[in-house]
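Accompanying notes for the structure given below.
Number of protein chains: 2
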Amino acid sequence: MSNNIKRRKFIETSAKSMAAAGLITTAPLLSTKVNNLEKLFIHHVYFWLKKPVTGEVKAKFENALKKLVTIETIVDFHLGVPAGTSRDVIDTSYSYSLLVTFKNKADQDLYQPHPIHQKFIADCQDLWEKVVVYDSVSI
Amino acid sequence: MSNNIKRRKFIETSAKSMAAAGLITTAPLLSTKVNNLEKLFIHHVYFWLKKPVTGEVKAKFENALKKLVTIETIVDFHLGVPAGTSRDVIDTSYSYSLLVTFKNKADQDLYQPHPIHQKFIADCQDLWEKVVVYDSVSI
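Read top to bottom, the protein sequences are chains A and B. For the first sequence, our numbering assigns the number 1 to the initial residue and increments by one for each residue that follows. For the second sequence, our numbering assigns the number 1 to the initial residue and increments by one for each residue that follows.
What follows is the structure, given as structure tokens:
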């Protein structure tokens with residue numbers, strides 16, 4: 001093998017070992033630009049909960065969100081609340097943001113009827129007064 | 001050194017080499033759940049362009065978006081269009097989705113006045129009729 005091929009094989013083998021060991025998905029990636037998102041299916045849901053949003057309601061809803069994002073076809077997720085920014089164009093009126101990414105639309109299609117997702121809706125739909133979803137695929 | 005320490009050092013060194021070579025941010029990560037998003041600042045912008053959205057307008061806007069996401073403090077990004085999904089709660093009326101992530105609010109604050117961002121606004125603001133922004137931080 002040429003040195004280039006050897007080097008490539010070394011890198012591929014190391015990458016597989018580290019991926020298997022769960023070692024290449026954490027801190028180092030946060031500090032530099034990455035392109036994990038670029039080709040994914042983006043499913044972003046904004047929830048407006050019925051007022052008053054008590055501590056009890058928050059706890060119930062946040063626990064339900066944490067359970068929801070265990071669905072297998074989800075690649076990555078972000079459970080959020082408004083960031084405290086303020087400009088004319090910013091909508092800060094929602095209660096919770098649920099951002100989940102999928103490899104493709106087929107994986108999102110598996111998520112919708114998933115029992116965990118259906119249980120989330122059944123358990124929590126009385127808590128919200130409005131939901132808006134934006135699904136996006138790469139340009 | 002013990003074998004365990006040697007192995008750990010080997011893995012750390014390999015990870016650094018591969019990160020430097022840009023080799024560990026692609027396919028292997030897409031196939032498994034990762035948690036890069038979880039602690040980030042999420043800045044999601046939806047653009048409704050003025051009709052008719054011609055091919056020329058699309059090309060201009062997409063090129064401007066691609067330039068915009070070169071701003072240094074952006075961790076990751078997704079440039080999107082509606083995914084073709086359809087349910088009552090899904091808003092499919094927007095023209096473009098711009099999702100960018102930052103390490104924290106301070107990095108987002110640097111992005112706003114950045115010359116590349118200001119040029120994007122100056123060059124493209126006549127193209128859109130409506131913009132809605134949702135900024136989210138982790139629960």
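C-beta: ideal position from N, C-alpha, C; glycine also. No experiment lies behind these values; they were computed from the predicted model shown.
C-alpha of valine 45 (chain B) to C-alpha of proline 115 (chain A): approximately 31 Å in a straight line. Per DSSP, leucine 110 (chain B) is one residue of the alpha helix (DSSP H) stretching across 105–111. Under the three-state reduction of DSSP, isoleucine 90 (chain A) is assigned to strand. Setting aside the 5 residues that flank it on each side, valine 137 (chain B) is surrounded in the same chain by Phe41, Ile42, Lys105, each with a C-beta closer than 8 Å to its C-beta; the list follows chain order.
For the pair threonine 73 (chain B) and tyrosine 111 (chain B), the CB atoms are nearer than the 8 Å cut-off. In the DSSP annotation of this structure, the continuous segment of the beta strand (DSSP E) that includes leucine 49 (chain A) starts and ends at 41–49.
Relative to phenylalanine 61 (chain A), the option among A:Trp128, A:Leu37, A:Leu99 whose CA is nearest is A:Trp128. Listed in chain order, the non-local C-beta contacts of valine 132 (chain B) below 6 Å within the same chain comprise Tyr46, local neighbours out to five positions each way being set aside.
Taking C-beta atoms as the reference points, glycine 80 (chain B) and leucine 68 (chain B) fail to come closer than 8 Å. DSSP, read as helix, strand or coil, puts isoleucine 71 (chain A) in coil. The alpha carbon of lysine 119 (chain B) has as its nearest neighbour, out of B:Glu38, B:Leu49, B:Ala64, B:Glu56, the alpha carbon of B:Ala64. Below the 9 Å Cβ cutoff, chain B contributes no neighbours of lysine 50 (chain A), its closest Cβ being approximately 16 Å away.
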